[in-house]
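Only one structure is covered here, and it is reproduced in the block below.
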Amino acid sequence: MSFPPRAAAEPLTVMGAGLVGSLLSLYLARRGHTVNVFERRPDPRRAGADVGRSINLALSDRGWRALEGVGVAEAVREVAIPMYRRVMHDVKGQLTHQPYGLPGQAIYSVSRGGLNRRLLELAEAEPGVTLQFQQQCLDVNLRQRELHLRDAETGAEQHVAFRRLFGTDGAFSAVRGALQKTDRFNYSQSYLEYAYKELTIAPAADGGWVLEKNALHIWPRGRYMMIALPNLDGSFTCTLFFPFEGEESFAALPTPADVEAFFGRVFPDALPLMPELTEDFFHNPTASLVTVKCFPWAFGDEALLLGDAAHAIVPFYGQGMNAGFEDCTVLNQLMDQHGDDWETIFEAFQEQRKPNADAIAEMAVYNFVEMRDRVADPRFLLQKQIESKITAQYPGQWLSLYSQVTFSHTPYHAAWTNGQRQDAIMARIMPHIQRPEDYDRPEVQDLLQQEMTANPAVAVPA
Ligand SMILES: Cc1cc2nc3c(=O)[nH]c(=O)nc-3n(C[C@H](O)[C@H](O)[C@H](O)COP(=O)(O)OP(=O)(O)OC[C@H]3O[C@@H](n4cnc5c(N)ncnc54)[C@H](O)[C@@H]3O)c2cc1C
Ligand SMILES: NC(=O)C1=CN([C@@H]2O[C@H](COP(=O)(O)OP(=O)(O)OC[C@H]3O[C@@H](n4cnc5c(N)ncnc54)[C@H](OP(=O)(O)O)[C@@H]3O)[C@@H](O)[C@H]2O)C=CC1
Ligand SMILES: Nc1ccccc1C(=O)C[C@H](N)C(=O)O
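Quick note, the working numbering runs 33 ahead of the 1-based positions in the sequence shown.
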């Protein structure tokens, strides 16, 4: 990708050097801008720095495209683990499988800390980028274009002028906090009754993986679930998504003995692989899950929210970072189209991205029900097999919702609309199917043909 040099490129300010802020800084600097980045945490490249929760993330096509745009994808690919399928573990330890896409298609487990450090290294190496760590934004005076910062080490506070501000300071954004005080700013946050806790499956004695390495593991239990993603060192990071309160909940497991007994009962095959279970359980936070929606994301041509600051979603589709990275791709395209007309860029950005952010927010909640419950149902797995057959028979006309979200660049809102239409069609077809072979029966083929004629191009991949 080429980046046109800007003769009079102006200094820009980025608040938050997480995944999106560090990638965005690279995109902006490649266009010749001076970029001042502020981050509340210490430099994660320094030994012992807190890198926050959530150890690994699933990276998919939208994220890859954004990384390719600044030439970093190949370096990340070298340390990413492809996960080709879901592997479901039932209460007896029996396994079932569901491929994510076509043979060879995968989502990739990457280390959050490793990815963030790599992006920071690249940003810092770019002429014009200055990174300042341990600078917490306390407030922003949008009209006077002034940041109020606090040095986390010394406690010293300062006011710093800015001309144009990009708020990439995450789900609990201070920049968004300032926008909330402006006229007609809409805001909502909605917490799930569930929390998550990260746990660990240890590597084998020889450093290998004790479960299938190239898979995302799910222990679906109806109202709750545990998942596991592989790490390079042979371990898996597990996340338990579990109600805060109730009969089966975090509140109902107050002691190590309770935790061991519960895991022995509901995750019997995982328990022996988790030697640190009770230490992890009582040491790691019980973290909440929130969807944040707001609008507008722009304040004139002065400030713009991107990433979780604009659209924090629950993690069940593995798309939060991917959506934030796609924000960078889209902003870059708009900078190509509109040069330095920032007001137009900001306006077009929020108009284009907001419906997509709302759609992935809804799909993320939907995927929780699929993962914790539906994947344990043999009828659901049969339906997925039938959908693969339809894709093969009608290429370009049918792509599963999962593939549209994960392996295409179809706007999220278009994918979601297509997916809902596909669901309605499947609800009419599946009563005629008891086994995979039924797909070839003439009445099923006739019905399918009618559906495809009535609904041409249910999903055309972009
Ligand atoms: C459990 C879990 C699992 C997830 N799994 C996936 C996944 O598999 N795939 C995926 O695509 N997404 C996943 N996500 C979502 C993903 O983590 C986020 O969407 C992504 O981190 C958003 O990036 P960001 O840069 O917008 O925000 P962040 O990564 O949160 O970065 C924000 C940065 O701003 C800094 N900051 C915050 N406040 C201030 C302030 N006041 N002043 C200065 N700096 C500040 C923070 O320290 C941080 O460095 C998951 C999320 C969770 C919680
Ligand atoms: N959508 C979601 O459900 C969630 C998304 N995330 C996102 O995941 C990413 C990684 O998170 P990570 O780096 O581990 O960040 P953390 O979860 O450690 O949170 C970072 C800071 O945000 C503040 N914070 C955390 N939880 C809350 C809360 N419930 N209410 C108010 N403030 C809160 C805390 O600030 P302080 O110390 O000042 O209190 C905390 O230090 C980020 O993108 C974050 O945006 C994180 C959690 C949930
Ligand atoms: N990364 C995650 C974090 C938390 C919950 C789910 C994921 C997923 O990636 C799920 C995957 N996309 C799936 O549908 O099987």
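From the three backbone atoms N, C-alpha and C, an ideal C-beta is built for every residue, glycine too.
Under DSSP, the beta-bridge partners assigned to VAL68 are LEU45 and VAL162. With a 10 Å radius around the Cβ and a threshold of 16 neighbouring Cβ atoms, ARG73 comes out buried.
Within a 10 Å sphere around the beta-carbon of GLY452 sit 16 or more other beta-carbons, which makes this residue buried. Of the residues assessed, GLY279 falls on the exposed side of the cut-off, its CB having fewer than 16 other CB atoms within 10 angstroms. The three-state secondary structure of GLN167, taken from DSSP, is coil. Taking all protein chains shown into account, VAL402 has fewer than 16 neighbouring C-beta atoms within 10 Å of its C-beta and is therefore exposed.
For SER441, no beta strand (DSSP E) encloses it, and the DSSP letter there is neither H nor E. When rounded, the separation of the alpha-carbon atoms in ILE260 and HIS344 is 24 Å. DSSP assignment within the stretch 201-286 yields the following whole alpha helix (DSSP H) runs of 4 residues or more, N-terminal first: 207-212. SER206 and GLY255 have their C-alpha atoms roughly 33 Å apart. A direct Cα-to-Cα measurement between PHE277 and ASP94 gives close to 33 Å.
Assignment of LEU92 by DSSP, reduced to helix, strand and coil, places it in the strand class.
The closest CA to that of GLU420, considering only TYR399, ASP406, ARG386 and ARG461, is found on ARG461. In this structure, the beta-carbon distance from ALA235 to PRO308 falls below 8 Å.
Apart from sequence neighbours up to five positions away, the residues of its chain that approach VAL292 with a beta-carbon distance below 6 Å are LEU286, THR311 and PHE314, ordered along the chain.
Taking VAL243 as reference, the option from LEU265, GLU226 and TYR227 with the minimal CA-CA separation is LEU265. Within 10 angstroms of the beta-carbon of ARG209 lie 16 or more other beta-carbons, which makes it buried. DSSP lists GLU179 as the bridge partner or partners of ASN174.
GLN430 sits in coil when the DSSP states are folded into three classes, being neither helix nor strand.
For VAL105, no beta strand (DSSP E) segment is defined, and its DSSP state is neither H nor E. SER55 counts as buried, since no fewer than 16 other beta carbons sit within 10 angstroms of its beta carbon. In the displayed model, ARG118 falls within a strand according to three-state DSSP. Within the same chain, Cβ atoms closer than 6 Å to the Cβ of ALA397 are found at ILE346, VAL347, PHE349 and TYR350, the five residues on either side in sequence being excluded.
Judged by DSSP secondary structure, LEU306 falls outside any beta strand (DSSP E); it is assigned neither H nor E. DSSP places THR187 in the coil class of the three-state scheme, outside both helix and strand.
By the neighbour-count criterion, in which 16 or more other beta carbons inside 10 Å mark a residue as buried, GLY49 falls on the buried side. Minimum Cα-Cα distance from ARG78 among the listed residues GLY65, GLU154 and PRO444 corresponds to GLU154. Counting only residues of its own chain and dropping the five nearest sequence neighbours on each side, ARG407 has a CB closer than 6 Å to the CB of PHE413. Boundaries of the alpha helix (DSSP H) harbouring LEU364: 353-371, taken from the DSSP string.
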